[in-house]
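One structure is given below, encoded as structure tokens.
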Amino acid sequence: MTVWYRPAGLHEALELLAAGGTAVGGGVALLSPALPPVLGELAVDVSGVLPSGLRDGQIGAGTTLAELAADAAVLRAWPGIAAAAAAMATPQVRRAATVGGTLGARLPGSDLPASLLAYDTVVVTAAAGATEELPVADYLAAPVPAAQLVVGLRPRLAGPGAHRRFALREGPSPAIAVAAGARIDGVVRLAAGAVGHSAAPLLFDGDEPPDLSLLRADARGSAAYRRALLAVLAAEVRSAL
1 MTVWYRPAGL HEALELLAAG GTAVGGGVAL LSPALPPVLG ELAVDVSGVL
51 PSGLRDGQIG AGTTLAELAA DAAVLRAWPG IAAAAAAMAT PQVRRAATVG
101 GTLGARLPGS DLPASLLAYD TVVVTAAAGA TEELPVADYL AAPVPAAQLV
151 VGLRPRLAGP GAHRRFALRE GPSPAIAVAA GARIDGVVRL AAGAVGHSAA
201 PLLFDGDEPP DLSLLRADAR GSAAYRRALL AVLAAEVRSA L
């Protein structure tokens, strides 16, 4: 039997996680038959303790995907991130799913990580007694940390951006390949998502997609297929910028 607890603040939430609790934010995963969470004996509702919105250049982990996609400041500084958020899932899911939960789930077909990498975003995390900042690709490539919460995202670059995806069908479907780009001081910085061996995005040159050894093959597409898709999507991103 799972006991639910709603902490009074972030410090208490981290203590409960350190004691073996499982964090639940927007709760979207609870409704997913494909990726059901393992809650254990203690579920910690962190929805009320995580920061949300944009403050001092940092996007709060409690911000929903819908809020991220519509935020005027995000649209001005990091339009590629807003576009990625708007492309994910259904409107109902976007209204509930949080930025922190989306990253923490480490979903291999997620749209968001590539755009975050294009803007050189760091992930701000908190554990009992400590905070840490990691580049988004390093955070997603590392083992899933215990008793740690994503509390914010801090893009370190700003400028025009674009996002393109390919899935097996129109509408809300996990991406097979994602290309995202940001134009910084006249140079386009490109990143690939939904193609690697982990959820971590990959920086790449638009004229030369990532090597086949860095790309995964599964029932939805071979590594060579994903590489060919990236070439097309990257060209579309460059054209948009």
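Per full-length UniProt numbering: the sequence shown = residues 1 to 241. We put the CB at the ideal spot given by N, CA and C, even for glycine. Since the structure is predicted, the reported quantities are computational estimates derived from the model, not experimental observations.
Query	Result
H197 - containing alpha helix (DSSP H), residue span	Note, H197: premise wrong, no alpha helix (DSSP H); not H, not E.
Assumed close pair G40, T22 - CB separation to whole angstroms, cut-off 8 Å	5 Å
Sufficient close CB pairs (3 or more, under 8 Å) joining the stretch 166-180 to the stretch 96-109	yes
Proximity below 7 Å, CB of T121 to CB of L149	no
Where P135 falls: helix, strand or coil (DSSP)	strand
Spatial distance of G181 from S115 (CA atoms)	7 Å
Neighbourhood of A97 by C-beta, 8 Å cutoff - its chain only, sequence neighbours within 5 removed	G26, V28, T64, L65, M88, A89
CA-to-CA distance, A234 to P210, given in whole angstroms	11 Å
L50, DSSP secondary structure in three states	coil
R216, DSSP secondary structure in three states	coil
Helix, strand or coil at T102 according to DSSP, with G and I counted as helix	helix
A70 versus A85 - alpha carbon distance	9 Å
Exposure label - Y139; buried when at least 16 CB within 10 Å	buried
Helix, strand or coil at A158 according to DSSP, with G and I counted as helix	coil
Close Cβ partners of I184 (< 6 Å) along its chain, the five nearest in sequence each way excluded	L157, G159
Start and end residues, beta strand (DSSP E) containing A142	Segment: none, A142 is in no beta strand (DSSP E) and carries neither H nor E.
When A142, R94, A118 are compared against A199, the one with the closest alpha-carbon	A142
Whole-number beta carbon distance between L117 and A179, since they are thought to touch under 8 Å	With a Cβ gap of about 11 Å, A179 and L117 do not count as contacting.
Among A194, E132, G196, L203, the one whose alpha carbon lies nearest that of V188	L203
Assigned secondary structure, Y5 (DSSP; H/G/I helix, E/B strand, else coil)	strand
Cβ-based burial, H163 [other Cβ within 10 Å; buried from 16]	buried
Coarse secondary structure for R183, derived from DSSP in three states	strand
For G62, the three-state DSSP class (helix, strand or coil)	coil
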